[in-house]
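Each step along the sequence shown adds one to the number in our numbering, with nothing skipped, and position 48 is 34. The structure under discussion appears below in the form of structure tokens.
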Amino acid sequence: MKFLTLLLLVSSTSFAQLQSGISINSAQVFESARKTLSKFKFNYFAKYLGPSLSNDMQSGSTFNRFSTGQDFMDNDTDYKNSHQVFQSFALGYRLTNNLTLSYSYTFQDNLNNGIEYTDSVTGKSFERDTERSYNNQRVGLFATNLYSNSMFFINSGFFYELPTTETSKNSDMQYGLGIQPTIGFYTSTPGLSMGLNASIERYFYPDDQFVPDWCSFNCDDPKNQVRRQKLIASLTPFVSYMLTDKTTLRSTLVFDWDQDGDSNSLRSNLDDIATLGADYRVLNNLTVGAGVEASLVDTSLKKTAVVGSLNVSI
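Next comes the structure, spelled out in structure tokens:
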């Protein structure tokens, strides 16, 4: 009887220890999983490109700087395009306190049919239709506190771009590389922020410039050859001011250049623009914004667009 009692006591003690071990292990696994998940961050950004401030624009059309630039004969392209919604999805993982790895997926939808524009090559009028167009997907690395002193600090993003769109695949794009630094200046005015964003993007192809198969006359003329857009560079000075703990006024200038074919010189690319607007923080992870974009190349009201934005971070 004493043996049976001792056996039951030992067994119950062992079982209690086993339960305790399982509980501790489960807690450790849960805590480890929580810490790992806390390093992930999801961001969703949407931008609505709305109507122009001009009453002379066709209904449903607006100024879209991404329709500007030059064609293969260096003619300026027509800026008129549909109202549009751009969307971006990004998943990030914090490697260290200063390094975050991310993957981004972006596309845009033209919202209106029958938007008239003038073809830069033929000079004839055509219509743009509603469509969804995709951008190449990117793997990025964002680094904070690369350098700082009493006057300014430097952060920077780096990316590797994959040729995921049909356009990039058809042009035999191999990959793209980019660096996007930010210089922020410290100010003595509470709520005032200013700085400079920059971007240098380099794209790689088997040939930056070549004679196409269809060329049969004057093929030595660079205008009759295919020239890849191999480099894009931009500078964006910005100033923002927090009116309240939830409302921030923002202003930027965007200057843009590119390099194509075998050329070693930069030329003006998309229209340079100015933006002015305000953001309102609805929740800690939810911000909405509104403002106006305007061309610096042609300051007419036709080259303006009302914009709205939504930014969600989880």
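Glycine included, each C-beta is placed from N, C-alpha and C at the ideal position. Predicted model only: the values in this text are computed from it and were never measured.
Cross-strand partners of residue i (DSSP beta bridge)
i: G263; result: R236 and G277
i: R19; result: The question names Arg, but residue 19 is Ala in the sequence shown. BP columns for A19 are empty, so no partner.
i: Y65; result: Bridge partners of Y65: none, in fact.
i: P208; result: P208 pairs with nothing; no bridge assigned.
i: V268; result: Answer is none; V268 lacks a bridge partner.
i: A13; result: Bridge partners of A13: none, in fact.
i: P37; result: Paired residues: none, contrary to the question.
i: Q44; result: DSSP lists no partner for Q44.
i: E147; result: R124 and G162
i: V293; result: L35 and G277
i: V298; result: Y30 and L272
i: M228; result: T234
i: L77; result: F28 and Y89
i: V71; result: Y34 and D95
i: L252; result: L252 is not bridged to any residue.
i: N50; result: The partner list for N50 (beta bridge, DSSP) is empty, contrary to what the question assumes.
Residues of its chain near residue i, where Cβ-Cβ distance is below 7 angstroms and the 5 sequence neighbours each way are ignored
i: L(-7); result: Low per-residue confidence applies at L(-7): pLDDT is 39, beneath 50, and the placement is therefore not dependable, though the value from the model is reported in the following sentence. Result list for L(-7): empty, nothing under 7 angstroms.
i: A129; result: N84, L85, N141 and S142
i: G36; result: T48, H69, A291, V292, V293 and G294
i: D115; result: N99
i: V125; result: Y89, F145 and Y146
i: G46; result: S68, H69, N98 and I101
i: Q44; result: I101 and E102
i: S174; result: none
i: V107; result: D57, M59 and N61
i: R267; result: K232 and T273
i: E113; result: G100, I101 and E102
Contact test: residue i Cβ vs the ligand SAH heavy atom, cutoff 7 angstroms
i: S220; result: Among the components of this structure there are no ligands whatsoever, and the ligand SAH is therefore not found.
Chain-order list of residues whose beta-carbon lies under 6 angstroms from that of residue i (same chain, five-residue window excluded)
i: K25; result: Y79 and R80
i: F31; result: S74 and N297
i: G177; result: Y227 and M228
i: F196; result: V212
i: T150; result: N122 and Q123
i: P192; result: D158
i: L217; result: R188 and Q245
i: Q160; result: F190
i: A219; result: I186 and W243
i: D207; result: none
i: P198; result: V212
i: V71; result: Y34 and D95
Among the options, the one whose alpha carbon lies nearest that of residue i
i: L22; options: M59, T82 and Q56; result: Residue 22 is actually Thr in this sequence, not Leu. If we check each option's Cα against that of T22, T82 comes out closest.
i: M137; options: T130, M180, T150 and N99; result: M180
i: S134; options: G170, N271, Q215 and Q70; result: G170
i: S157; options: G247, L77 and R124; result: G247
i: A291; options: L272, L262, V298 and S226; result: L262
i: D60; options: K209, S220, R267 and T234; result: K209
i: V225; options: K216, R114 and L235; result: L235
i: N29; options: S154, S12, Y91 and F52; result: Y91
i: Y34; options: D284, D64, E279 and K289; result: E279
i: A276; options: D284, D265, N270 and L269; result: D265
i: D242; options: E117, I186 and G164; result: I186
i: Q94; options: V107, I101, E117 and S111; result: E117
i: K289; options: K27, A19, D42 and R20; result: D42
i: N250; options: C201, D194 and S174; result: D194
i: F58; options: N183, N255, Q160 and A76; result: N255
i: A184; options: V15, T168, T153 and T54; result: T168
i: G55; options: S88, Q14, L272 and R253; result: R253
i: K27; options: L77, R267, A19 and T63; result: L77
i: G109; options: V71, F72, L148 and D62; result: D62
i: R51; options: T273, T230, S106 and V240; result: V240
Cβ shell of residue i (< 8 angstroms), same chain only, five flanking positions each side left out
i: S286; result: S40
i: Y172; result: S136, M137, F138 and F139
i: S53; result: T63, D64, Y65, K66, N67 and Y103
i: T(-9); result: Because the pLDDT of T(-9) is 46, which lies under 50, any placement of that residue in the model is unreliable, and the number read from its coordinates should be weighed accordingly. Nothing listed; no residue qualifies.
i: V15; result: none
i: D284; result: D257
i: N204; result: N210
Contact check, residue i vs residue j, beta carbons under 8 angstroms
i: L282; j: I259; result: yes
i: Y120; j: D257; result: no
i: K189; j: Q166; result: Checking the sequence, you will find Tyr at residue 189 rather than Lys. In this structure, Q166 does not lie closer than 8 angstroms to Y189 by Cβ.
i: Y146; j: L163; result: yes
i: T233; j: T222; result: no
i: S88; j: E102; result: no
Closer than 8 angstroms to chain D by CB, residue i
i: V107; result: Annotation note: the requested chain D is absent from the structure, which comprises a single protein chain.
* Asked: What are the uninterrupted segments assigned as beta strand (DSSP E) that are 3 or more residues long and contained completely in the region 160 to 204, given in chain order?
  -> 161 to 171 and 178 to 190
* To do: Run through the region 84 to 129 for me and flag every whole beta strand (DSSP E) of 3 or more residues, listed as ranges in chain order.
  => For the region 84 to 129, the full-length beta strand (DSSP E) segments reaching 3 residues or more read 85 to 96, 101 to 104, 111 to 114 and 118 to 120 along the chain.
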